[in-house]
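Down below is the structure, laid out as structure tokens.
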Amino acid sequence: MATFTYRARDSAGLLITGSMEAEAQGVVAERLLQSGYVPTAIRKARTLPHQIARAVPHGRIRAEELILFTRQFETLVRAGVPLLESLGTLAKQARGRAFQQVVLRMARDIEAGAMLSEAMGKHPQVFPEVFVSTIRAGETGGFLDLALERLATLGEHELETRARIRSATRYPIFVVLAIGVALLILMTFVIPKFALLYRAFRATLPLPTRIAFTVGQALQRFWYVGLLLVVAGAGGFRLALHLPWIRLWWDGLKLRFPVLGPVILKLTLSRWAHILSLLVRSGVPILKSLEVVARAVGNAAVARSVLAVAGAVEKGRSLAEPMARDPLFPPLVVQMMAVGEKTGELETLLLKVSEHYDRETDYTIRNLSTALEPILLVVIGAMVLFLALAVFLPMWDMVRLIKR
Numbered sequence: 000m001a002t003f004t005y006r007a008r009d010s011a012g013l014l015i016t017g018s019m020e021a022e023a024q025g026v027v028a029e030r031l032l033q034s035g036y037v038p039t040a041i042r043k044a045r046t047l048p049h050q051i052a053r054a055v056p057h058g059r060i061r062a063e064e065l066i067l068f069t070r071q072f073e074t075l076v077r078a079g080v081p082l083l084e085s086l087g088t089l090a091k092q093a094r095g096r097a098f099q100q101v102v103l104r105m106a107r108d109i110e111a112g113a114m115l116s117e118a119m120g121k122h123p124q125v126f127p128e129v130f131v132s133t134i135r136a137g138e139t140g141g142f143l144d145l146a147l148e149r150l151a152t153l154g155e156h157e158l159e160t161r162a163r164i165r166s167a168t169r170y171p172i173f174v175v176l177a178i179g180v181a182l183l184i185l186m187t188f189v190i191p192k193f194a195l196l197y198r199a200f201r202a203t204l205p206l207p208t209r210i211a212f213t214v215g216q217a218l219q220r221f222w223y224v225g226l227l228l229v230v231a232g233a234g235g236f237r238l239a240l241h242l243p244w245i246r247l248w249w250d251g252l253k254l255r256f257p258v259l260g261p262v263i264l265k266l267t268l269s270r271w272a273h274i275l276s277l278l279v280r281s282g283v284p285i286l287k288s289l290e291v292v293a294r295a296v297g298n299a300a301v302a303r304s305v306l307a308v309a310g311a312v313e314k315g316r317s318l319a320e321p322m323a324r325d326p327l328f329p330p331l332v333v334q335m336m337a338v339g340e341k342t343g344e345l346e347t348l349l350l351k352v353s354e355h356y357d358r359e360t361d362y363t364i365r366n367l368s369t370a371l372e373p374i375l376l377v378v379i380g381a382m383v384l385f386l387a388l389a390v391f392l393p394m395w396d397m398v399r400l401i402k403r
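Numbered according to numbering that gives the first Met the number 0, the sequence shown terminates at residue 403, and the numbering increases by one at each position without gaps.
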């Protein structure tokens, strides 16, 4: 997907500007028209400053804030409190000033005659397209409170999943970092002492010790260069990921990682199932739901597969037929989609698929540390072996030199 900048006018003729990620200009125009805006100019963003601006966060709203807002909003709507009064109350309770300003702008837009989904659609950096589409369906179908409840549940599920992943990977990361720090200290402070002794005996350092000594000396003298290279490399990689072909290559590569690849795929498909289930149950048409899911799933490789399914559905094919030809979708999921289409119970089957992936991801995350243990043992073993050779080989050689 590319990034487009646009100019558009609302129903009152006021000019608005913004940016949006989409597959083509026509998609941007369609979304603007659906939100009640008439586009006057749409251009593809190509400049480096624009990419830098997108790569650096500017007052982003935390996921916890959005979930709390959604839960509180649901409670107020369910209690029959009018929208404007609800938004006024939520603005007063907002924790961050940035989010408070967003809620107040929404209230002003609604007071001017806009729908809630239209007001939210003006803030894509806060309310993702999944959120806006579900709210729009809730407004149209008269179940706004239920739509808010489902969005809050989805947000809480994703937040909980991320927390479990962090918990499962915390120990392996800590162990690798601890060994890395120990290696760095030895190379910087311990190994140079052996070099001085060897010079006194006019002997040659063993190869592992020479490597450690050279790296340690380089870190002592040019640490700022290394730090600059790390920062520049991380920043350059982050900018490069805004190029669609690099993002597609990287996301596809992540799915092929040993051990982690299947975990990433299951988590991505879990998100796909949850969002698709949410949209279809909320009354969003299946084709529109697939397009929204493709933009929200968080992996370009999976998004491409979902868009291929959407293209096939648009041509009149069943949902299960293109999924069966794509290796990303497991046979169980394809079979459940086929049954759902035949029986007319697609909403129910999608809910069961999302529940199935809940169990799969829960089991996978709980066993993630166990799955990472072989890789962790190899990494730690290699680092410890290098340390042992770099430290003890000079000692053994020195003993031989002294005996001579």
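All residues carry an ideal CB built from backbone N, CA and C; glycine is no exception.
Can you give the Cα-Cα distance for serine 85 and arginine 169, rounded to whole angstroms? 40 angstroms
Buried or exposed by the 16-neighbour rule on C-beta atoms within 10 Å, applied to glutamate 73: buried
Give a yes or no on whether the minimum CB-CB distance between phenylalanine 188 and chain E is below 9 angstroms. Among the protein chains of the structure shown there is no chain E, as only one such chain exists.
One question on the structure: do methionine 322 and valine 333 come within less than 9 angstroms of each other, judged by their Cβ atoms? yes
Name the DSSP bridge partner or partners of lysine 43? Phe3
What would DSSP say about alanine 113, mapped onto helix, strand or coil? coil
From the DSSP output, which residues share a beta bridge with proline 38? Ala7
Counting only the same chain and skipping the five closest in sequence on each side, list residues whose C-beta sits under 7 angstroms from that of valine 262. Thr363, Leu367
Look at the alpha carbon of aspartate 396 and the alpha carbon of isoleucine 184, and state the distance between them as a whole number of angstroms. 22 angstroms
Comparing C-alpha positions only, which one of Glu22, Phe3, Ala7 sits nearest to alanine 299? Glu22
Which word fits tyrosine 223, buried or exposed, when buried means at least 16 other C-beta atoms lie within 10 angstroms of its C-beta? exposed
Assumed close pair glutamate 408, valine 291 - CB separation to whole angstroms, cut-off 8 angstroms: Past the boundaries of the shown model lies residue 408; the chain is included only from 0 to 403, so the question cannot be answered.
Does the Cβ-Cβ distance between threonine 133 and serine 276 come in under 9 angstroms? no
Tell me the rounded alpha-carbon separation between alanine 194 and threonine 187. 12 angstroms
At a cut-off of 8 angstroms, would you count glutamine 99 as near the ligand COA, judging by its Cβ distance to the nearest heavy atom? Among the components of this structure there are no ligands whatsoever, and the ligand COA is therefore not found.
Please report the distance separating the alpha-carbon of glutamate 372 from that of glutamate 346. 39 angstroms
If you follow the alpha helix (DSSP H) that lysine 341 is part of, which residue opens it and which one closes it? 330-342
For the pair the region 344-360 and the region 256-273, tell me if three or more CB-CB distances fall below 8 angstroms. yes
Ignore the nearest five residues each way along the sequence and tell me which others in methionine 394's own chain have a CB closer than 7 angstroms to its CB. none
Could you have a look at serine 166 and say whether DSSP puts it in helix, strand or coil? helix
Nearest by alpha-carbon distance to proline 243: which of Tyr36, Lys43, Arg8 is it? Lys43
Tell me which same chain residues have a C-beta within less than 7 angstroms of the C-beta of glutamine 24, skipping the five on either side of it? Phe3, Ile41
Status (buried if at least 16 other CB within 10 Å, exposed otherwise) for isoleucine 172: exposed
By Cβ distance below 6 angstroms, which residues in the same chain neighbour aspartate 325 in space, the five residues on each side in sequence not counted? Ser304
Sorted by chain position, which residues of the same chain lie with C-beta nearer than 6 angstroms to histidine 49's C-beta, five sequence neighbours on each side aside? In this prediction, histidine 49 scores a pLDDT of 42, lower than 50, which makes its location untrustworthy; the coordinate-derived value is nonetheless stated afterwards. Within the same chain, histidine 49 has no close Cβ partners at all.
Between the CA atoms of valine 230 and serine 34 - distance to the nearest angstrom: 40 angstroms
What whole-angstrom Cβ distance do alanine 389 and threonine 267 have, given they're in contact under 8 angstroms? That belief does not hold up - the Cβ atoms of alanine 389 and threonine 267 are roughly 41 angstroms apart, past 8 angstroms.
Please state if the CB of threonine 69 and the CB of alanine 151 are separated by a distance shorter than 9 angstroms. yes
8 angstroms contact criterion, which glutamine 71 and leucine 89 should meet: CB distance rounded: 6 angstroms
What did DSSP end up calling arginine 96 once you bin it into helix, strand or coil? helix
Distance between beta carbons of glycine 95 and isoleucine 60, contact taken as under 8 angstroms: 7 angstroms
Would leucine 407 and alanine 217 qualify as a contact pair, given that the criterion is a beta-carbon distance under 9 angstroms? Any question about residue 407 goes unanswered here, given that the chain covers just 0 to 403.
Please state whether the Cβ-Cβ distance between valine 131 and serine 116 is less than 9 angstroms. yes
Look at the alpha carbon of glycine 58 and the alpha carbon of valine 125, and state the distance between them as a whole number of angstroms. In this predicted model, glycine 58 has a pLDDT of only 49, less than 50, meaning its place in the structure is not dependable enough to derive any value.
Distance check for valine 189 and arginine 399, CA to CA, integer angstroms please. 20 angstroms
Check leucine 388 in the structure and name its three-state DSSP category. helix
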